[in-house]
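One structure is given below, encoded as structure tokens.
2 protein chains.
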Amino acid sequence: MAELAGVHVATASRALSANQFGLVNSSTRKRVLESAAQLGYRPNAVAQSLRKGTTDTLGVVVADLSNPYFVELLRGVDDEAKPLGVMPLVAETHDDPGTLRRVVSRLIANRVDAVIVSAVHITDQEFIKSVEAQIPVILAVRTLPDPEDSHGHIDGRREALQDDLMGARTAVSHLINIGHRRIAQLQGTPAISSFIGRSQGYHEAITQNPNVRDLSHQEVAQSSTIAEGYRLTKTLLEHRLLMDRPTAIFAHNDLLAVGAIDAIRELGLRCPEDISVVGYNDAPLIDHIDPPLSTVRLPARELGRHSARLAFSAISGDASSPVRIMLVPEFVERSSTAPPSI
Amino acid sequence: MAELAGVHVATASRALSANQFGLVNSSTRKRVLESAAQLGYRPNAVAQSLRKGTTDTLGVVVADLSNPYFVELLRGVDDEAKPLGVMPLVAETHDDPGTLRRVVSRLIANRVDAVIVSAVHITDQEFIKSVEAQIPVILAVRTLPDPEDSHGHIDGRREALQDDLMGARTAVSHLINIGHRRIAQLQGTPAISSFIGRSQGYHEAITQNPNVRDLSHQEVAQSSTIAEGYRLTKTLLEHRLLMDRPTAIFAHNDLLAVGAIDAIRELGLRCPEDISVVGYNDAPLIDHIDPPLSTVRLPARELGRHSARLAFSAISGDASSPVRIMLVPEFVERSSTAPPSI
DNA sequence: TTGAAAGCGCTAACAA
DNA sequence: TTGTTAGCGCTTTCAA
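The listed protein sequences derive, respectively, from chains F and R.
Position 215 of the first sequence, counting from 1, maps to 215 under the numbering used here, and the rest follow consecutively.
With positions in the second sequence counted from 1, the corresponding number in the numbering used here is that position plus 1000.
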């Protein structure tokens, strides 16, 4: 390409570069640009990265792309990345700790400038610490137990979270406010901070009113699926006397809620007349199911944007301040909740 | 790292390499491995790529990640890529031609070994040809008009498609078989081959029975959204006499179908009693909406697998044979379709 | 304003 | 079995 224009590669490089094209004679530059266009020349980003030591690339680790929540998060990341010419490299963990290690390793090998991790389990603390020693890490959506350094001080972290405790508390308080006194939750695994928060919010709401009984089964959902919600609700409701049966169920996830509704129907009961159900996430189409699901809407895209901004500020060496951003969810009332009929 | 082990970098490289570690003394190799582990050393994939001329990376261009169909396609690609240690780089176009050019350009700059494109518009023919001159291209899901070379011969291409014509024909034939005689379709844009196929299948089914009338409105959906389905159905049904109103609607997409159902209800009609509705895609939760939607299930994941396999065979220099793989969809009957009541 | 030269981290010939 | 050397394609001093 440089040859076609009859110049040295260094000159060509300068002509093509956004910040030093001023250093080259405008007629030479024109010649270079023309030759480049003619040959369809694209600078080799791999070589550029090797030379510059930076890849203009951002690792984004999500648990599961078939969960629209994470897709929305990615869109938020992209909102911020695109104008900077940064390419997000997306990896999925399927909530498997081994896969998390593998994909993060791979992203590091590819020298992403930073990594946003939205798929940690609370047992990943040590691993994340080791990653932080290598590249900037932003924790999104899910957090870790407070880290301490060797002196017992709390070590700063960059994270963008949503207030799951508040989201759950608001939803469950709503159930109590409209009259429910026997309530149960369908819990997600406590290996994930989000579900811990939702559980705490649930309990805070429950204990605020001494007349409310918590009828939850101790078993926890191993996955956030319709099938699992169905299974847990079956064991929750079966072989129970009427007065030991909840009149409302708070599910940690929309799909669990859908499974709950399926189970309720199969037992010959109705939602919301016999049992109200609340979900979590406000997934697409969840307003069109039967009955339209009351749920908690999450600021996924906003969270993605914040995560990306934290990443870029970390890259540009704002090594200084650890940051915790906390966004608030919003309860959305639809038809799956109603006052108890008895 | 090599220094810590006290060996030359070349030796370290060999020790770490999967195919030449046999060439190094096993005790030196052990030393190298230990030093690497101790330092948490990860070979720089950027440098490896530059040296090897290959990135072990596969570009995957999709229209829209919030469409679960494409996520499923991605999973299929991943099924094949993971065992080979290949990393898919995902990019979205949002069905914008400019964005398609931009993201493919970027993938080429990053020297992906091949690119799977599932987001072409029929007007992208020239552009795709220019890309094919640079790297192996696999067309997935959507195809292009048959290309001709300068001699008028049909030029080979690698593509993995689904038979949309057959999918649509099967669905519409079902409507006819259960008695519908006045039918309309909600068309997707003819800029995308999939919708052309669905339209053809629709017409083939319609014309097979002379008693069936096509009551479609000429307007076409500009996006595959609930809002658009709602809008089109409103204009389709409003100001029509009963006998000029379809008793069944075939939508080119599930979301359009959901919008159609919304519109039907708002006009005081019922689905399926007054108007049956068929969708296309079998999206998640679409079996839980009210009423559960009859639709066409697509082999997205399979298609992803095939696309990836085509990509890898192209990379390994099977430059030979152009291939067209065509997978068949499956009609799924649920409760949004019933015989006409009049 | 341009060219020459070095070097980013790695691997593959080639030599020893 | 290991070391030496060259070079992948680029950018950036440094010199001219």
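Ideal Cβ positions, reconstructed from N, Cα and C, are used throughout, including at glycine.
(1) Roughly how many whole angstroms lie between the Cα atoms of R:Asp1214 and F:Ser118?
(2) Are R:Arg1102 and R:Thr1057 close, meaning C-beta to C-beta below 9 Å?
(3) Step through the CB atoms of chain F and report whether any lies within less than 9 Å of the CB of R:Asn1110.
(4) Whole angstroms is fine: what's the gap from F:Pro340's alpha carbon to F:Ser66's?
(5) Looking at the unbroken alpha helix (DSSP H) that takes in R:Thr1093, where does it start and where does it end?
(6) Taking 9 Å as the threshold (C-beta atoms), are R:Pro1136 and R:His1180 in contact?
(7) Any beta carbon from chain F within less than 9 Å of R:Gln1162's own beta carbon?
(8) Along the alpha helix (DSSP H) that carries R:Arg1231, what are the first and last residues, could you check?
(9) With a 10 Å radius around its C-beta and 16 neighbouring C-beta atoms as the bar for buried, classify F:Glu238 as buried or exposed.
(10) Which residue marks the beginning of the beta strand (DSSP E) containing R:Thr1057, and which one marks its end?
(11) Spell out whether any CB of chain F is found under 9 Å from the CB atom of R:Gly1040.
(12) Can you tell me the Cα-Cα spacing of R:Ser1224 and R:Cys1271, whole angstroms?
(13) For R:Met1326, which beta-bridge partners are listed by DSSP?
(14) Per DSSP, what kind of secondary structure is F:Ser216 in: helix, strand or coil?
(15) For the region 1294 to 1305 of chain R against the region 1322 to 1330 of chain R, do three or more pairs of beta-carbon atoms, one drawn from each stretch, fall closer than 8 Å, so that the two count as touching?
(16) Note the first and the last residue of the continuous alpha helix (DSSP H) segment covering R:Ala1311.
(17) Tell me whether the region 1060 to 1074 of chain R and the region 1300 to 1317 of chain R touch, counting them as touching only if at least three CB pairs, one residue from each stretch, are closer than 8 Å.
(18) Please identify the residue among R:Val1120, R:Val1277, R:Arg1309 whose C-alpha is closest to the C-alpha of R:Leu1256.
(19) Just how far apart, CA to CA, sit F:Ile325 and F:Thr207?
(20) Tell me the DSSP bridge mates of F:Met87?
(21) Return yes when the Cβ of R:Leu1175 is within less than 9 Å of the Cβ of R:Ala1260, no when it is not.
(22) Helix, strand or coil for R:Pro1339 per DSSP?
(23) Taking 6 Å as the limit between beta carbons, can you name the residues of its chain near R:Arg1305, skipping five residues before and five after?
(24) Nearest to R:Tyr1202 by alpha carbon, out of R:Asn1211, R:Thr1028, R:Leu1186?
(25) Is it buried or exposed for F:Val9, if we count other Cβ within 10 angstroms and need 16 for buried?
(26) Of all the options F:Thr233, F:Glu204, F:Asn253, F:Tyr280, which has the alpha carbon lying nearest to the alpha carbon of F:Glu266?
(27) Relative to the alpha-carbon of R:Ser1216, which residue among R:Glu1034, R:Pro1145, R:Ala1184, R:Ser1193 has its alpha-carbon at the smallest distance?
(28) Assuming the contact rule is C-beta atoms closer than 8 Å, F:Arg142 and F:Val120 should be a hit. Round their C-beta distance to whole Å, please.
(29) Would you report the Cα separation of R:Thr1055 and R:Ala1308, rounded to the nearest angstrom?
(30) Hey, R:Leu1139 and R:Phe1312 are a contact pair by Cβ (cut 8 Å); roughly how many whole angstroms apart?
(31) Closest Cβ-Cβ distance between R:Ile1286 and chain F: below 9 Å?
(32) Please decide whether F:Leu65 counts as near chain R, where near means a Cβ-Cβ distance under 9 Å.
(33) From R:Ala1283 to F:Ala2, what distance separates their C-alpha atoms?
(34) Strictly by DSSP, which residues pair up with F:Gln185?
(35) Given R:His1153, which residues of its chain have a CB within under 6 Å of its CB, disregarding the five upstream and five downstream residues?
(36) How would you write the range of the beta strand (DSSP E) that R:Ser1276 sits in, first residue to last?
If we stick to the structure as given:
(1) Cα-Cα distance, rounded: 49 Å.
(2) no
(3) Closer than 9 Å to the CB of R:Asn1110 there is at least one CB belonging to chain F.
(4) 34 Å
(5) Note, R:Thr1093: premise wrong, no alpha helix (DSSP H); not H, not E.
(6) no
(7) no
(8) For R:Arg1231, the enclosing alpha helix (DSSP H) stretches over residues 1226 to 1237.
(9) exposed
(10) 1057 to 1062
(11) yes
(12) Spanning the two alpha carbons is a distance of roughly 20 Å.
(13) R:Leu1161
(14) coil
(15) yes
(16) In the DSSP annotation of this structure, the continuous segment of the alpha helix (DSSP H) that includes R:Ala1311 starts and ends at 1300 to 1315.
(17) yes
(18) R:Val1277
(19) 28 Å
(20) F:Thr57
(21) no
(22) coil
(23) Gly1076, Asp1079, Glu1080
(24) R:Leu1186
(25) F:Val9 comes out exposed.
(26) F:Thr233
(27) R:Ala1184
(28) 5 Å
(29) 16 Å
(30) With a Cβ gap of about 16 Å, R:Leu1139 and R:Phe1312 do not count as contacting.
(31) yes
(32) Taking 9 Å as the CB threshold, F:Leu65 lines the interface with chain R.
(33) 51 Å
(34) Beta-bridge partners of F:Gln185 (DSSP): F:Phe250.
(35) In this prediction, R:His1153 has a pLDDT of 49, which is less than 50 and means its spatial position is unreliable; what the coordinates show is noted afterwards. Around R:His1153: no qualifying Cβ.
(36) 1276 to 1278
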